[in-house]
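> Structure incoming, see below.
In this note's numbering, the protein residues as written are 59 to 141.
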């Protein structure tokens, strides 16, 4: 967490496979799952987690954003206002 003048910034990053640019606009939509997220060897989600995270951030006058590069990983940034 990084203190900001008017709140706090939380960054969560990985070095995984990344998210394709054409999927990024929809990843916060309820029930959205990219084809790459559906694998046989992993437990399937319901496509609700990121939608819930966005809702929580917005209800606390904050925001969540994402950047990602294929083959390099993904970074989520959550800003929560202190006021």
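Every residue gets a Cβ at the ideal spot worked out from N, C-alpha and C, and that includes glycine.
Counting pairs of Cβ atoms below 8 Å between the stretch 99 to 114 and the stretch 62 to 69, do you hit three or more?
As far as the Cβ criterion goes, the stretch 99 to 114 does not touch the stretch 62 to 69, which means the pair count is below three.
> Spatial neighbours of residue 121 within its chain, please: C-beta separation below 7 Å, excluding the five flanking residues on both sides.
Taking the chain shown and counting its residues from 1, the one referred to as residue 121 is at position 63. So the qualifying residues of the chain are 115, 137.
> So what does residue 127 bridge to, in DSSP terms?
Within the chain shown, the letter at position 69 stands for residue 127. DSSP, once it has assigned bridges, lists 131 as partnering residue 127.
> Please report the straight-line C-alpha distance between residue 89 and residue 71, rounded to a whole angstrom.
Within the chain shown, residue 89 is the residue found at index 31, counting from 1. Within the chain shown, residue 71 is the residue found at index 13, counting from 1. Computed Cα separation, rounded: 22 Å.
> To the nearest angstrom, how far is it from the Cα of residue 67 to the Cα of residue 86?
Reading the chain shown from its first residue, position 9 is the one you call residue 67. Reading the chain shown from its first residue, position 28 is the one you call residue 86. In a straight line, the C-alpha of residue 67 is about 19 Å away from that of residue 86.
> Any idea if residue 126 is buried or exposed, counting beta-carbon neighbours within 10 angstroms, 16 or more meaning buried?
Position 68 of the chain shown, counted from the start, is the residue given in the question as residue 126. Its Cβ being crowded by 16 or more others within 10 Å, residue 126 is buried.
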